[in-house]
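Data first, discussion second: the structure below is written as structure tokens.
Numbering (our numbering), first residue to last: 1292 to 2110.
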């Protein structure tokens, strides 16, 4: 510990951050006592031994991190107003270029400078996201605006394994969201000076941005803006998917790769230039002089790329290693890495929980740990090659890229699976072939065009076109790898124990020949991994209970049914009618991967409306369903046609009400169709909303005497028809409330026929989604039925087994329910 105190100081500081994050309000009253204790003990420590000073520094780092984190996370007034969805008059300045998700709509980040609420004017200094739903004006960075908005907090989809969007936005420093229905309500107040360093960044970026936009195609301009300016708003989903499939998504964010390439190229060029002078070579240490000079292009590129958070962290790491070289401490790389991490967390304690910091820090650690033995292994395998000159240098270069890529890929594997649920099987060859073009052609050409632009527009245009040729070549290579079968696979999300086991296995393999207890440790780790595999295998395929999970998909329906024998049925998949947010990919699938589910046997669509249908497309594509149940209604929408195209391409069997009218048994549970009585009708085919709702496919599933009813969006007319056409007992213990609890559904006659013990409302959050309707809720409560809502409880899981009827919610845990 005393040999490398920086590592322990970093660990202590990180521990304080994690403790404060776990108990954000607990330490607030202890702020002044901790400061007093620190100040009072400082004189005594000053005259103590080195060992005591180290221990005191550890305590100071731990407590200081707690206090800084608590202070950073104290809620401000704007956040409290957003939690109540208040309407306010807001003044602010546009900070970033406008993103346009679709025609007429715009999203922009602003810094709020003042507000009017309850006739009180207040000054502010908070960043927020503003969404303009139609008639968006052509806003530019620096525009000062006044607008009446409705604030709203950032919300999560509260399901196991879900992405913490609220925490993500907090880490970005954005307080809340705001929206305005029509852009004509926005008043332009002229230009305002941007805060430092945003003003400096905008002065540097604006002419370069215009160069890219005016001289390049939309695709190339959007990619150069991402690579050089750190602006990714314009990249199309299809282009982004090519990078993600090949494991090259990190190229699109200015991060360690880009800063490292700039640093490496700059250091090489400065070393070469300085070594040309005999006098300089005698006077200076060329490596140290080159390291000093390399700091300038690294800082310059980071500023030009918008001082993105990921770029700032990569810059700090690069500068820390350069300083270590200048101070003759380049061999103590682990202390240097610890110093870089400590500086990053000192500037922003919340960075510890950010994905970019974890990926960057882990990647550098993995490269430092695994690259030397990998390079040694590669060189041993090529000892017979006696070639010299340029071929040998090229071989050494590509071996270096291979070692770096392999080390980073292996060390990041569990982290990328946890956050992104994806493994690229072509990552290594894609990096070997694409990174050199990016580092030696595309980025240098883009940066040179930015440098010469103030002096010559023609020269800058020439250089950026040269860069575009390299970009086109790089995209052709990426497209080749991405289009290979099985270029990438979706995978399970590991839990904390599994991530720990993975790194324990790497540790055992690395030290296998160095420690005496290596075989025992390796055997123990392998046994734990096997035990984990058996645990999940039993839980997914052989667990005796029947389970239904009503997922939180916002304003929509999605329920996963897990049968005792391992079969899985997804009833509806949620979705939104507008925008490109894929609920199936971003909400439903992460829940399945979190639970180690790789196959959904049955897909059920109650009726073809967006909030039930759109999330099924990704599930149909990636989770190998065998059957698709639907009511045969057809609508002329792009999402429905895409879904049916996937069903046909994947050879998924379609089943309709006529084929299912006798019901079927699945792993001991009985599944029956109660409505509609027959297939598609001419009226329903037109896509009228009421007809689609009233022809919803209604499922009733019974297991061990407990029944679940899934009525889709049935309205009162459809409820009446279902009751009239059903001559058997359809009482159900659990009811998914029809049409999200709308007042047009859940008639008294329908509820009296069902007599539910527990009802679940699957609805969205916020002031625009007032579900269940008070009339419906009152009707249910008067029947003695307990009402749960996914908007308040998150995902709701109900388990049925032998003498077991359990209800558990994601936000509130297990509930007491009478059997």
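Just so it is clear, CB atoms sit at the ideal spot from N, CA and C, and this is done for glycine as well.
Remember, it's a predicted structure, so these values are computed and weren't measured experimentally.
* Please go through the same chain and pick out, in chain order, the residues whose beta-carbon is closer than 7 Å to the beta-carbon of residue 1739, but skip the five residues on each side of it. => 1754
* Quick one: residues in its chain with C-beta nearer than 6 Å to the C-beta of residue 2099, no 5 flanking neighbours on either side, listed in chain order? => 2088 and 2105
* Asked: Which class does residue 1872 belong to by DSSP, given the choice of helix, strand or coil?
  -> coil
* Among 1548, 1394 and 1304, nearest to residue 1519 - alpha-carbon criterion -> 1548
* Cβ neighbours of residue 1764 in the same chain (closer than 7 Å, five flanking residues each side left out) -> Shown here for residue 1764: same chain residues with a beta carbon closer than 7 Å to its own, the five before and five after excluded, namely 1728 in chain order.
* Local conformation of residue 1410 per DSSP, three classes -> Residue 1410 carries a coil assignment under DSSP once its states are collapsed to helix, strand and coil.
* **Among 1443, 1350 and 1555, the one whose alpha carbon lies nearest that of residue 1460** => 1443
* Applying the criterion that 16 or more other CB atoms from any shown protein chain within 10 Å of the CB defines a buried residue, is residue 1589 buried or exposed? -> buried
* Tell me which same chain residues have a C-beta within less than 8 Å of the C-beta of residue 1611, skipping the five on either side of it? -> 1627, 1628, 1630, 1631 and 1634
* What span of residues does the alpha helix (DSSP H) with residue 2092 cover, start to end? -> Element bounds for residue 2092: not the alpha helix (DSSP H) but the beta strand (DSSP E), 2087-2092.
* DSSP three-state call for residue 1426: helix, strand or coil? -> coil
* Local conformation of residue 1860 per DSSP, three classes -> strand
* Going straight from the alpha carbon of residue 1468 to that of residue 2031, what length do you get? -> 25 Å
* Asked: Quick one: any contact between the segment 1780-1791 and the segment 1703-1723, if contact means 3 or more CB pairs under 8 Å?
  -> yes
* So, helix, strand or coil for residue 1940, using DSSP? -> helix
* **Start and end residues, alpha helix (DSSP H) containing residue 2023** => Careful: residue 2023 lies outside any alpha helix (DSSP H) and carries neither H nor E.
* Asked: So, helix, strand or coil for residue 1292, using DSSP?
  -> Any reading at residue 1292 must be qualified, since the residue scores a pLDDT of 47, below 50, and its modelled position is unreliable; no value is offered.
* Asked: Out of curiosity, what's the CA-to-CA distance linking residue 1412 and residue 1406?
  -> Answer to the nearest angstrom: the Cα atoms are 6 Å apart.
* Asked: Should residue 1772 be labelled buried (16 or more other beta-carbon atoms within 10 Å of its own) or exposed?
  -> buried
* To do: Check each candidate in 1574, 1659, 1558 and 1541 and name the one with the smallest Cα separation from residue 1601.
  => The shortest C-alpha to C-alpha distance from residue 1601 to any of 1574, 1659, 1558 and 1541 is the one to 1541.
* In angstroms with no decimal places, state the Cα-to-Cα distance between residue 1309 and residue 1428. => Straight-line Cα distance between these residues: approximately 43 Å.
* Simplified DSSP assignment, three categories, for residue 1527 -> coil
* Determine the closest residue to residue 1583 out of 1555, 1531 and 1644, with distance taken between C-alpha atoms. => Measuring from the Cα of residue 1583, the nearest candidate turns out to be 1555.
* **C-alpha distance - residue 1975 paired with residue 2085, whole-angstrom precision** => For residue 1975, the predicted structure reports a pLDDT of 42, less than 50, and the residue's modelled location is therefore unreliable. A value from the coordinates is still provided. Near 33 Å, if we compare the C-alpha coordinates of residue 2085 and residue 1975.
* Asked: Just curious, the beta strand (DSSP E) that residue 1960 is in, first and last residue?
  -> First-last of the beta strand (DSSP E) with residue 1960: 1960-1966.
* Measure the alpha-carbon distance for residue 2108 versus residue 2079 and round it to whole angstroms. => 12 Å
* Asked: How is residue 1851 classed by DSSP in three states: helix, strand or coil?
  -> strand
* To do: Taking all protein chains shown into account, decide if residue 1860 is buried (16 or more other Cβ within 10 angstroms of its Cβ) or exposed.
  => buried
* So what's residue 1887 in DSSP terms, helix, strand or just coil? -> coil
* Asked: Quick one: what does DSSP say residue 1688 is sitting in, helix, strand or coil?
  -> helix
* To do: Determine the DSSP secondary structure at residue 1955, reduced to helix, strand or coil.
  => strand
* To do: Tell me whether residue 1487 is buried or exposed, calling it buried when 16 or more other Cβ atoms sit within 10 Å of its Cβ.
  => Within a 10 Å sphere around the beta-carbon of residue 1487 sit fewer than 16 other beta-carbons, which makes this residue exposed.
* Give the straight-line distance between the Cα atoms of residue 1302 and residue 2023, rounded to the nearest whole angstrom. => 54 Å
* First through last residue of the alpha helix (DSSP H) which encompasses residue 1467 -> Here residue 1467 belongs to no alpha helix (DSSP H); instead the beta strand (DSSP E) covers 1465-1471.
* **residue 1760 versus residue 1508: straight-line alpha-carbon distance, rounded** => 12 Å
* Asked: Which one of 1882, 1449 and 1891 has the shortest CA to CA distance from residue 1832?
  -> 1891
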